[in-house]
Amino acid sequence: WTDGGWGDEELKKASSQIVPGAALLAPSPAGAKYDMMYYLKGAAAGGICCSVTHGALCPVDVVKTRVQLDPVKYNTGLVGGMRKVVAEEGAMALTTGLGATAFGYFIQGWFKFGGVEFFKIQAVEALGEEKAWANKTGIYLGAAACAEFIADIFLCPLEAVRIRAVSDPEFCDGLADGFGKMLKADGIGGFYAGFLPILAKQVPYTMAKFAVQGAASDAIYGTLGKSPSEMSSGGNVGVSLGSGVIAGVAAAIISHPADTLLSKINKVGAGGDGPMMTRLLNIAKETGMVNLCTVGLLPRCVMIGTLTAGQFGIFDTVMNALGASKFHFHDPNSD
């Protein structure tokens, strides 16, 4: 308290106690641009962007999952599949699994985007700017793989509940009910029946997503003849959206076979009895490689292309709102 009013330190302390999340809005200490607060802001932005985009595209995901589980019944494409679901079960059926989707992907986005920022910055600090610039694709791939593995440990149980709810609309009334029923019926192992497929789907998907988006954004900046620091925040978001579409389509194609297996493995009785690998091999044989790679691919490309563009755009927007400047690789020879 100074001169009859609050001092700077007292104001900071009071505001952080009163305003929820005020710590995330606080600037990092001078000279500590990429400190723990930066990573927390990156994680929060990642959780928000993944939760919002996956939640918004829940109806597309419902139809995609139905196509993968029953391609004979749902054989009229994305729009036709939506009409069939609405006609048979009502419009609310398109929101099946929304709670599990929004919550699960917030957790996943927290660890994925926050983890990628952490691992790539640590790599740059260890290698130095010049080596990091020369090996940036490898850094993107490694950072994405490590972050996604950690994220999937938390995502897998929520994804299992979502897929069970989509494949059997009578299974549960909400996320908590679904967790309880799956735990009672299948035990803890039931939540991780799809762990290998989700790793096979998400790790290559995330590696492709971040590496392709990084390469595409660099190409766009190169075409414009400007660096990210020379662009406005709106311009940088625009680059993120454009490069995100390219990255999303590439990542969707790469990860689609594993996505189909993941949808099928969580269906009751899929692949018969026995160990998980035996069940997965049985499903792959029954489905056929061509069908694994192509059934439901178009709606997935639409969904993931839109979703990935939205994620990178929202991530940049939230980071700007939180007062954090997103890390970009830098070529020291361009100075």
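Note that this note's numbering has the sequence shown beginning at 1, numbered continuously upward. We put the CB at the ideal spot given by N, CA and C, even for glycine.
Contiguous alpha helix (DSSP H) elements confined to the segment 251-329 occur at 276-287, 289-294, 297-321, taking only those with 4 or more residues. Rounded to the nearest angstrom, the gap between the Cα atoms of VAL166 and ALA132 is 43 angstroms. For THR223, the enclosing alpha helix (DSSP H) stretches over residues 195-224. Secondary structure at LEU158: helix, using DSSP grouped into helix, strand and coil. Taken in chain order, the whole alpha helix (DSSP H) runs of length 4 or more contained in the segment 31-67 are 36-56. Taking all protein chains in view, the Cβ of ASP273 is surrounded by fewer than 16 other Cβ atoms within 10 Å, so the residue is classified as exposed. When the five nearest sequence neighbours on each side are left out, the beta carbons in the same chain lying within less than 8 angstroms of the beta carbon of ALA208 are those of ALA247, ALA250, ALA251, ILE254, SER255, in order along the chain. Ranked by how close their Cα comes to the Cα of THR317, the residues LEU261, LEU241, CYS301 have LEU241 in first place. It is roughly 42 angstroms from the alpha-carbon of ARG66 to the alpha-carbon of SER232.
An exposed status is given to ASN333, since fewer than 16 other beta-carbon atoms sit within 10 Å of its beta-carbon. Less than 8 angstroms separates the beta-carbon of VAL63 from that of LEU78. With a cut-off of 8 angstroms on Cβ pairs, the segment 81-93 is not in contact with the segment 147-157, counting fewer than three such pairs. Between the alpha carbons of GLN311 and ILE139 lies a distance of about 20 angstroms.
Comparing alpha carbon positions, the residue from GLY46, GLY42, ALA176 closest to GLY99 is ALA176. GLN122 sits exposed, since fewer than 16 C-beta atoms from the chains shown fall within 10 Å of its C-beta. Counting along the chain, the unbroken alpha helix (DSSP H) around PHE119 starts and ends at 98-127. Around the Cβ of SER217, a 10 Å sphere holds 16 or more other Cβ atoms; the residue is buried. Just so you know, the alpha carbons of ALA219 and GLN213 end up roughly 10 angstroms apart. At the C-beta level, LEU196 and MET276 come within 8 angstroms of one another. With respect to the 8 angstroms criterion, SER263 and LEU69 are classified as neighbours on the basis of their beta carbons.
Spatial neighbours of ALA193 in its own chain (CB-CB distance under 7 angstroms, excluding positions within 5 residues in sequence) are listed in chain order as ALA160, ILE265, ASN266, MET276.
Distance from the Cα of THR76 is smallest, within the candidate group PRO299, GLU170, GLY180, SER325, for PRO299. Residue nearest to GLY222 within the set ALA144, HIS330, GLY174, CYS301 is HIS330 (criterion: CA-CA distance). For ASP259, the number of other beta carbons within 10 angstroms of its own is at least 16, and it is reported as buried. Pairing GLU170 with PHE103, the inter-Cα distance amounts to about 21 angstroms.
Note on the segment 68-93: whole alpha helix (DSSP H) runs with a minimum of 4 residues are 77-89, in chain order. The shortest CA-to-CA distance from CYS146 to any of LEU199, GLY305, MET182 is the one to LEU199. Between PHE111 and ILE48, the gap from beta carbon to beta carbon reaches 8 angstroms or more. DSSP places GLY178 in the uninterrupted alpha helix (DSSP H) bounded by 175-186. Relative to the Cα of LEU57, the nearest Cα in the group GLY305, MET319, GLY323, ASN320 belongs to GLY305. Contact between THR206 and GLU148 holds, since their C-beta atoms are separated by about 4 angstroms, short of 8 angstroms. LEU158 and TYR74 have their C-alpha atoms spaced approximately 25 angstroms apart. Exposure of GLY90 is indicated by the presence of fewer than 16 other C-beta atoms within 10 angstroms of its C-beta.
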